[in-house]
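Trainee:
Numbering (the working numbering), first residue to last: 7 to 243.
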């Protein structure tokens, strides 16, 4: 598959998700949130429409965010993790969400306005070419987004570049234990659904280490059957 075609398809798929605001979609997003590790008080604390049910874990719970820190969220979507992070870092902290989909950025900004989040901003950009200067953030977060990139090595190099000395990376993502069959690897819908773009776990960890990160650890992992991943709303587009 051509990388440009893949990126355009993913962008269009998530633009469609950004426009889905029915009560049924919100209820499904909350149920997914509970299953992947969010508490009810976290789900209730963000503006309606911020949680789109697109994650595969709860990186906020493991990030040990501290007051006053600057946080970068790769693939911010509707802003869900950004808003949870904003509460952790407080008014002296700052949260920056990056997303390549204009509709998602617009939705996240609307949610930030609804929730009166003065310490959160959203920027349009690619996670392979982050619109931030060197040494500008304390922690990089991402929730089930890097698997969508065709150049994961560059994503991790960019993450390392923007982190300050002593900064850290906390990711929740999907990796493989064995290779996918060819018919799935070449399916655009499966790519947008966080399936086709996944790589073997060893390769994923190696890419993080080769970007310069030290003390790389898997804090928690949960096996996800393929049929569960295909329930992602973007996989059905």
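No residue lacks a Cβ here, since even glycine has one placed at the ideal position from N, Cα and C.
Given the structure is predicted, the values throughout are model-derived calculations rather than measurements.
Rounded to a whole number of angstroms, what is the C-alpha to C-alpha distance between residue 163 and residue 77?
Mentor: Here the question's residue 163 lines up with position 157 in the chain shown. Here the question's residue 77 lines up with position 71 in the chain shown. Taking the straight line from one Cα to the other gives about 17 Å.
Trainee: Going by the CB atoms, is the gap between residue 79 and residue 104 shorter than 8 Å?
Mentor: As a position in the chain shown, residue 104 is number 98, starting the count at 1. As a position in the chain shown, residue 79 is number 73, starting the count at 1. Going by C-beta atoms, residue 104 is nearer than 8 Å to residue 79.
Trainee: Between the alpha carbons of residue 243 and residue 19, how many angstroms are there, rounded?
Mentor: Taking the first residue of the chain shown as position 1, residue 243 is located at position 237. Taking the first residue of the chain shown as position 1, residue 19 is located at position 13. Confidence is the limiting factor: at residue 243 the pLDDT is only 46, short of 50, which leaves the residue's position unreliable, though a coordinate-based value still follows. One C-alpha to the other measures close to 7 Å.
Trainee: With a cut-off of 8 Å on the beta carbons, I'd call residue 149 and residue 56 a contact; round off their distance for me.
Mentor: For this step, residue 149 is matched to residue 143 along the chain shown. For this step, residue 56 is matched to residue 50 along the chain shown. No, residue 149 and residue 56 are not in contact; Cβ-Cβ is about 13 Å, not under 8 Å.
Trainee: Does the beta-carbon distance from residue 215 to residue 222 come in below 8 Å?
Mentor: Position 209 of the chain shown holds residue 215. Position 216 of the chain shown holds residue 222. Yes, they are a contact pair.
Trainee: If you draw a straight line from the C-alpha of residue 101 to the C-alpha of residue 204, how long is it?
Mentor: Within the chain shown, the letter at position 95 stands for residue 101. Within the chain shown, the letter at position 198 stands for residue 204. Between residue 101 and residue 204, the C-alpha separation is close to 27 Å.
Trainee: Thinking C-alpha only, which one of 194, 200, 180, 220 is nearest residue 206?
Mentor: For this step, residue 206 is matched to residue 200 along the chain shown. Ranking 194, 200, 180, 220 by Cα distance to residue 206 puts 180 first.
Trainee: If you draw a straight line from the C-alpha of residue 139 to the C-alpha of residue 160, how long is it?
Mentor: In the chain shown, the residue the question calls residue 139 occupies position 133. In the chain shown, the residue the question calls residue 160 occupies position 154. Looking at the two C-alpha atoms, the distance is approximately 16 Å.
Trainee: Consult DSSP for residue 176 and reduce its assignment to one of helix, strand or coil.
Mentor: One-based indexing of the chain shown puts residue 176 at position 170. Three-state result, residue 176: strand.
Trainee: How is residue 242 classed by DSSP in three states: helix, strand or coil?
Mentor: For the purposes of this step, residue 242 is taken as residue 236 along the chain shown, with counting starting at 1. Caution applies to residue 242, whose pLDDT of 49 falls short of 50 and renders its modelled position unreliable; the value that the coordinates give is listed next. Reduced to three states, the DSSP call for residue 242 is helix.
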